[in-house]
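FYI, in full-length UniProt numbering the residues of the sequence shown are 1 to 446.
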Amino acid sequence: MSAAARCSSLHAGVRLPSAFPGRAVDPQHHGQQQLLPAQRPQPRHRRAAPLVAAAEAASLEEQQQQQQQPGSSENGGQPSTSGRGAAPALKVRGAKVVVQDMVKHFETRRGLFKAVNGASVDMEPGTITALLGPSGSGKTTLLRLIAGLEEPTAGRVFFDGEDITGRSVPDRDLGFVFQGYALFKHMTVADNITFGPRMRKMGLDLEAKVEELLQLTELEGLGGRYPPQLSGGQKQRVAVARALACNPRLLLLDEPFGALDPVVRKSLRHGLRDIVRRVGVTTIIVTHDQEEAWDIADHVVIFNKGAIEQHGTPEEVAKEPMSPFVMNFVGDVSHVPASCQLVRKMGFHTDKPFVMVRPSDIRLRTNFEECQSCAPATVHDKANLGKSVRYYLRFDDDVDVDLTVSRKVDEEVYDLGVGQRVFVQVPPAKMMGFDYSDIDATSAGI
Ligand SMILES: Nc1ncnc2c1ncn2[C@@H]1O[C@H](COP(=O)(O)OP(=O)(O)OP(=O)(O)O)[C@@H](O)[C@H]1O
Ligand SMILES: [Mg+2]
């Protein structure tokens, strides 16, 4: 079945309501400290992927100039090649994506570089998965392997149980949004959006498609504008609309909010989450921003040195980190020597030299009688952070940990002064022994 036919067969005839008004924030998905307790590859026939590869190319405008003349009217701008075809619809059946033992080694002058080193993960249809990890850990490379933009050294990608490892990019039914958006600057918004369907000759009603996508991304009336006439947030939404224009079953987003300020990011990510949920497309988003991942993802995948350290729901990963790397990477931690008073008093044993403690797991008492097994400390300093208060605690063996509490909790529970004696308790089950090599994020290298 051709890509166009496959795309067409996904039409469900559903008209979707506008999405960007956003919705109430689920506080459970906020990265606040308190809430985190706070076969052989098939032969590859590579041809240009109209949407993905074009978007990736550096000289995008040259391509567009060959494609068409820009429209001119503010409200027009609809593609001149529009034709009547299948009824436009945005609802798709998201793919179940299985990545199996994916490996990518790059040849460099210094030898083979192991960018992805045996990554396996399943993504359920219509879910949002966030790929998180330090810079250079292999997130973009994994996304490119799933997209077919990189050929794996080993491993498989399955869509709905079908091995698509050898398929060309356009045959994978996916949409891609890059960090820089890679919009065609001399094409109107409408023509940017319909670039993919036109290249694939999908026979869609392009005018209706544009209207539908503009409505979905709250860009109504802007179809005739050019990218330089848009704000950063609007460009981002055009990129999302363009990526959805071929009715992809998998949407890949690489740092899609990277260029935007935090307030715009927050409102856009809620809009994006609502859009992908309504469309039903399986979505993988690479982000550096943990709050973002917690806010929009059904599953998070923590990447380190080309391998997956842990994956699960945001709650599972936050509450039950399975390795020192994940515990250190997700949320706040204090590092203390394994031999310190706090660790010994809590009865925690480890053969590692250091121990991690989450500030959100620290409980304070001001009366020793209430907690004779607690470790005594003194409030060394106190910082007012606006909505929260940070206490710097110093134990009697000069080991420091800090603790941030909301202003409300501080007023109602703690309200401590500098120099005040406190008695500290941390459940030993919440402590984790580590060595610094366990949390080193330096790339695996060669
Ligand atoms: N074509 C290539 N040739 C050689 N090395 C590469 C190539 N592409 C990526 N790498 C290396 O592979 C590693 C992983 O790169 P990747 O872009 O996947 O990281 P990332 O997790 O997306 O990082 P960031 O968060 O900074 O975007 C990096 O060390 C990078 O330098
Ligand atoms: Mg990257």
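Glycine is no exception: its CB is placed at the ideal position from the N, C-alpha and C atoms. All values derive from a computational prediction rather than experimental measurement.
Query, Result
"List the endpoints of the continuous alpha helix (DSSP H) containing F325.", "324-329"
"For my contact list, T141 and K114 are in at a C-beta cut-off of 8 Å; report their separation, rounded to the angstrom.", "No, T141 and K114 are not in contact; Cβ-Cβ is about 10 Å, not under 8 Å."
"Pick out whichever of F395, E412, L213 has its Cα sitting closest to the Cα of G419.", "F395"
"Below 6 Å, is the gap between the Cβ of K139 and the nearest heavy atom of ligand 1?", "yes"
"Anyone know if the C-beta pair for A130 and V240 falls short of 7 Å?", "no"
"Tell me where the beta strand (DSSP E) around L403 begins and ends.", "400-406"
"Between the Cα of G361 and those of H380, V426, R249, V326, spot the shortest distance and give me the residue it belongs to.", "Reading off the sequence, residue 361 comes out as Asp, not Gly. For the residues H380, V426, R249, V326, the minimum Cα distance to D361 belongs to V426."
"Exposed or buried, what is Q229 when buried is set at 16 or more other beta-carbons lying within 10 Å of its beta-carbon?", "exposed"
"Would you call N247 buried or exposed, if buried means 16 or more other Cβ atoms sit within 10 Å of its Cβ?", "buried"
"Between the beta-carbon of G306 and the beta-carbon of V98, is there less than 7 Å?", "no"
"Sort out for me which residues DSSP pairs M102 with in a bridge.", "A119"
"Which parts of the segment 252-296 are runs of the beta strand (DSSP E), unbroken and 3 residues or longer, counting only runs that do not cross its ends?", "282-286"
"For the segment 161-193, list the alpha helix (DSSP H) runs that are entirely contained and at least 4 residues long, ordered along the chain.", "189-193"
"Using a 10 Å radius around the Cβ and a threshold of 16 neighbouring Cβ atoms, would you call M431 buried or exposed?", "buried"
"Would you kindly check if the distance between the Cβ of L143 and the Cβ of L251 is under 7 Å?", "no"
"Going by beta-carbon coordinates alone, are E309 and F325 separated by less than 7 Å?", "yes"
"Any heavy atom of ligand 1 closer than 6 Å to the Cβ of F178?", "no"
"Return yes when the Cβ of T217 is within less than 7 Å of the Cβ of R242, no when it is not.", "no"
"Scan the segment 203-246 and note each continuous alpha helix (DSSP H) run of 4 residues or more that stays entirely inside, going in chain order.", "206-216, 232-244"
"Ignore the nearest five residues each way along the sequence and tell me which others in T313's own chain have a CB closer than 8 Å to its CB.", "D298, H299, V300"
"Is the segment 403-420 in contact with the segment 369-388, if contact means three or more CB pairs nearer than 8 Å?", "yes"
"What's the C-alpha gap between E292 and G161?", "30 Å"
"Expressed to the nearest angstrom, what Euclidean distance is found between the alpha-carbon atoms of M322 and N328?", "11 Å"
"Quick check: is any heavy atom of ligand 1 less than 6 Å from the C-beta of S231?", "no"
"Please return the same chain residues whose Cβ sits closer than 7 Å to the Cβ of T442, not counting the five positions on each side in sequence.", "none"
"Please report how far the alpha carbon of R109 lies from the alpha carbon of S135, in whole angstroms.", "21 Å"
"Rounding to the nearest angstrom, what Cα-Cα distance links G196 and I284 in this structure?", "20 Å"
"For R365, is the classification buried or exposed, using 16 other Cβ atoms within 10 angstroms of its Cβ as the cut-off for buried?", "exposed"
"Which of the three DSSP states is assigned to K305 in this structure?", "coil"
"Please state whether DSSP places L112 in a helix, a strand or coil.", "strand"
"Classify L112 as buried or exposed, calling it buried when 16 or more other Cβ atoms lie within 10 Å of its own Cβ.", "exposed"
"Which value, in whole angstroms, describes the spacing of the CA atoms of R344 and S406?", "28 Å"
"Would you check if the distance between the CB atom of R358 and the CB atom of V333 is smaller than 7 Å?", "yes"
"Go through its chain and collect everything with a Cβ distance to R363's Cβ below 7 Å, but skip five positions before and after it.", "Q425"
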